[in-house]
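A short write-up of the structure that comes next.
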Amino acid sequence: ELKVEQNPLFLSMQEGKNYTIYCNYSTTSDRLYWYRQDPGKSLESLFVLLSNGAVKQEGRLMASLDTKARLSTLHITAAVHDLSATYFCAVGGWGGGSNYKLTFGKGTLLTVNP
Amino acid sequence: GAVVSQHPSRVICKSGTSVKIECRSLDFQATTMFWYRQFPKQSLMLMATSNEGSKATYEQGVEKDKFLINHASLTLSTLTVTSAHPEDSSFYICSAHNHRVGTEAFFGQGTRLTVV
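If you're matching them up, the sequences are chains A and B in order.
Just so you know, the first sequence maps onto residues 3 to 116 in the working numbering.
Just so you know, the second sequence maps onto residues 1168 to 1283 in the working numbering.
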C-alpha cells in the first residue's frame, strides 16, 4: 500500500522568510503532484513532476523530485501573506485493476504572518 | 487546464433524505472520475473510482449502498448520498481523468454537504 508522508503538518512563518515542505512516499511512482487548497475551496494544481531530478518553479514556489529517495520538496522563497493555504502532495500510481489513483499526504497548513 | 464543474457547491438537507452531487467534465472526456471526502482540517479520502459505463469501485470502509455512484457518460458522474445523516456532513470533491491522454487530475469545485 502506498503511503505518503508530508511534513511539517503546520508551518507558521514570517513574510520574507524561506522554508521547505517535504513529501516522502513509500513505493515507486511515476508522478508527483502538488496542490494548494484555500479554506472552503477545492484543490488548485500547482505542479506535476514527472521524472527524477525534475524541478519546476512558479513565482515564489519551487518543487523538485528525487525518485531514488522517494522525496519531493516544495520550497517557498520570501513568503508573502497570499501564500497562506494548505498544501498537499499526492503520488500517482496504478491501483488495483486499471485505475490510476492519487494518494494524498495529510497536507501542510501554511500561515504567513506579516 | 481542463474544466470540471461540480454542482451544487453547497447543500443543506434533512436527515433521512438523499442528496445528489454532479460532476461534469466540460471540455474533455473523463474516462475515470474519482470521488473524495474531506473532513475539516484533514486530507482527501478517496471514496470510490468510477469508470464510464462500469460499476464504481469503492474503497474499503465506504458503504456502496449509501454512496451511490453513477458514471453514465464520459462527461458526467454523480454521487448520491442516500438516507443522509449528520455524520455524512463533509466536503465532497470529484476529480476527472482521461488516462488515454495523461494522468493529470482535474478537480471540481467541491460540495459542502450539511445534514441537519
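Note that CB positions come from ideal geometry on N, CA and C, so glycine has one too.
Note that the structure is a prediction, hence the values are computed from the model and not measured.
Interface residues of the region 1179 to 1192 of chain B facing chain A [CB-CB below 9 Å]: none
Using DSSP with H/G/I as helix, E/B as strand and the rest coil, what is H1238 (chain B)? strand
Can you tell which of A:L63, A:N115, A:A56 has its C-alpha closest to the C-alpha of S47 (chain A)? A:L63
Of the residues A:L34, A:D40, A:P116, the one placed nearest T88 (chain A), counting alpha carbons only: A:D40
Identify each residue in the region 1243 to 1255 of chain B for which the Cβ-Cβ distance to at least one residue of chain A is less than 7 Å, and report them in chain order. none
Leaving aside the five residues before and after N1265 (chain B) along the sequence, list all residues of the same chain whose C-beta is less than 7 Å from its C-beta, in chain order. F1195, Q1196, A1197, T1198
Using a Cβ-Cβ cut-off of 7 Å (strictly less than) and excluding sequence neighbours within five positions of I1315 (chain B), which residues of its own chain qualify? The displayed coordinates of chain B run from 1168 to 1283. Any statement about residue 1315 (chain B) would go beyond what the structure contains.
Could you name the residues of chain B that N54 (chain A) contacts, counting a contact when the two beta carbons are closer than 9 Å? Chain B residues near N54 (chain A): none, gap ~17 Å exceeds 9 Å.
Residues that DSSP places opposite T69 (chain A) in a beta bridge: For T69 (chain A), which the question treats as bridged, DSSP gives no partner whatsoever.
Nearest to G61 (chain A) (by Cα), restricted to the options A:G95, A:P10, A:V82: A:V82
State buried or exposed for K103 (chain A), treating a residue as buried only when at least 16 other CB atoms are found within 10 Å of its CB. buried
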